[in-house]
Structures are given as C-alpha cells and as structure tokens.
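Report on one structure; see the data block that follows.
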Amino acid sequence: MIEHVLFDGIEAIQASNDHLQLLLIPSFGSNVISLVDLKTGQELLVKPASFAALKESPILHGIPVLFPPNRIEGGTFTFNNVTHEFPINEIGKHHIHGFVYDQPWDVTAQKEENGLITIETAIGLYEPEIYKDASIHLTYELDGAVLRQRAIVKNNGSEPFPWGIGYHTAFQFDETVSTFSLTKKSQWTLSEEAIPTGEQVPGEPLRHKNLQGVPLDDAFAAVEQENEAIIHNKEAGRTVTYRTDSSFKHWVVYNGNGREGFLCPEPYTCITNAFNMNIPPDVTGLRVLQPGEEDIVTTQIEIKHPQ
C-alpha cells in the first residue's frame, strides 16, 4: 500500500506490505526517515521526532544520501588539472557529506505490482560547478521483508566528473541486547580529523561484537563478495542484514560514544577524501563518469525473525 501522508506538516510517502512500513520525505533529501518492523511494531531506524529535528541533524536520522560521502580535506581537490572548491561545512576546515541530503527531490514514479512496491525519486544538481550536469535517480523497493535501494548516477553534460555515493544509515541499536557483525578485510588508519592517511591494517571480520561503551568512527575496506553489515537484537530475536553490491568498497561505522542507542553502518563507493588520495582508484573506489555515462549501485536491508 502506498499513501500520501504528512510528517509534521511536511508531505511524505508511506509505503507498507505485510512485513515493513517505510516513510519517505522526497522534499528533504529523499530520506527514508522511518522503517518499521511490522511483526514487532518496532522502529528500525533513528526516526526524527519532528521535521525541525530532522533539519537540525539531517545526517543522524533515517537513510541520508551522501554525494559524495564524508570529508574532502580542505574542501578542495584537483581533477583534470582544474582545482575545485566545495563549501567548508565541518569544523571550519573540511567539506563533508556532499550536496543532496537536504535538497528537494522529485517523485518520478510510484506503483504496486504483484506485491512489489516501487517508489522512484530524482534530483538534478546545479551546484557545485563540477556537478552542474549530474543527476541521481533513486529507486526504493519494498519486497517482502526487504527494502532495496538502487541509485543511478548520470553525467548529462559534456565534461567528465569524479564521484562517489554513500548512505549515512542510522539504525536503532540497543547496546545492551544487540551485537554487530561486518565483513571487512582491513581498517583504514585515520588522522585525528577522521581522514585516511592512506595506510590500511589487515584484519578479520567483526563477528557478533558487543559495542556497549565502545565508541566507533572507523573506516573499513569491504570484501568483494557477501559485503554486509549485520545487527542482531537478541531480545527481539531479529537480524537486520545490510547488504551491498560490489560497487560499495568501504564502510564507515559510527555510533557516537557507544551508549547513545544508535549505530550507523555507512556503505560508501569511495573512501573518505578519495578525491585527494594518490592511491589507485581500484583501492579508493573513486569513479569517473564520462559525458553521457551512468552507473548503477544497489544496497538492501533485509529483516529476519526466527521461524
């Protein structure tokens, strides 16, 4: 079922099947601000209490779209011998999280067919200059107990541009009854300002890790196959699996001080500050779209309960 509703006076789209119910605000970042597990009635995401709360902290609610993801050091980089400057919007030093998470998107399609619910939104960028001919089309699919999210990034102009996309997905995470797993192959070494130094430390995947009192703001290189983050709530008997395609080469995992009741496993196609790293793009994940080209990347969130 697809319904047009209001969230704190703001137009929103509510979609539901027998398993999940989502709430999407197209006019503010095309953000899915709520995802409810209908078997238990529990909210899975960090849902804002009001639209004002969402505007105040847009990155810590729902599934914000990051284009490009995370920090660009000094807000500047050079591409094809041209230096580009992005607005400084983090600690007076860096640009962070891109240009679309708080912008209005258009709803381009919505339908329900054979039990599959589909909602499509799109945005055409007009700034900064390097992205003035970029567009992003998002498709959300509710398919049983799965929310699938597909992004198509397109270059509609006459010049190439570098790009990356990510999601700052904020899940509810009760540290007293929840564990976290992540299929990573290494961890990036970060500066005090959370910018990769270029070095990686090999390591084993995280398996059923208790994060109570364990603050995280860490960056990991993803595995090539079965790339997923898993939240298991022992009290609810519920497993949430966040799975990506091979385009997403990195995860950033953030949980504040480890006692705030949330966890953000953030899938990125390129690592933080990839635009400035003198490292091969097959390592950083940085991509370039030529004029007329497009790229498609996919993630999904799957909910499972014991039989």
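The sequence shown begins at 197 in this note's numbering and counts up by one.
Ideal placement from N, C-alpha and C gives every residue a C-beta, glycine not left out.
Rounded separation between residue i and residue j - CA only
| i | j | result |
| --- | --- | --- |
| G205 | V397 | 48 Å |
| A366 | L459 | 6 Å |
| P265 | L386 | 16 Å |
| E389 | N285 | 14 Å |
| N213 | I198 | 9 Å |
| G452 | D413 | 8 Å |
| Q527 | N474 | As displayed, the chain neither begins before 197 nor continues past 503, which places residue 527 out of reach and without an answer. |
| V436 | T317 | 25 Å |
| Q408 | Q299 | 34 Å |
| A418 | T379 | 7 Å |
| E462 | G362 | 7 Å |
Proximity of residue i and residue j at Cβ, strictly below 8 Å
| i | j | result |
| --- | --- | --- |
| A415 | V448 | yes |
| K328 | Y336 | no |
| L262 | H364 | yes |
| H293 | T375 | no |
| V349 | I319 | no |
| R403 | S382 | no |
| I467 | P356 | no |
One or two residues paired with residue i in a DSSP bridge
| i | result |
| --- | --- |
| D214 | Its beta-bridge partners do not exist; DSSP assigns none. |
| S382 | P398, A417 |
| P463 | W447 |
| P358 | V484 |
Per-residue DSSP class, three states only, for residue i
| i | result |
| --- | --- |
| D302 | strand |
| D491 | strand |
| F369 | coil |
| L338 | strand |
| Y297 | coil |
Sequence-distant residues of the same chain with beta carbon closer than 7 Å to residue i, five excluded per side
| i | result |
| --- | --- |
| P283 | G271, H291 |
| A208 | V201, L202, L219, L220, I221 |
Cut-off 8 Å between Cβ atoms - residues of its own chain near residue i, not counting five sequence neighbours on either side
| i | result |
| --- | --- |
| S230 | Q217, L218, L219, E239, L241, K243, G258 |
Cβ-based neighbour list, residue i, same chain, cut-off 6 Å, excluding 5 preceding and 5 following
| i | result |
| --- | --- |
| S443 | T465, V493 |
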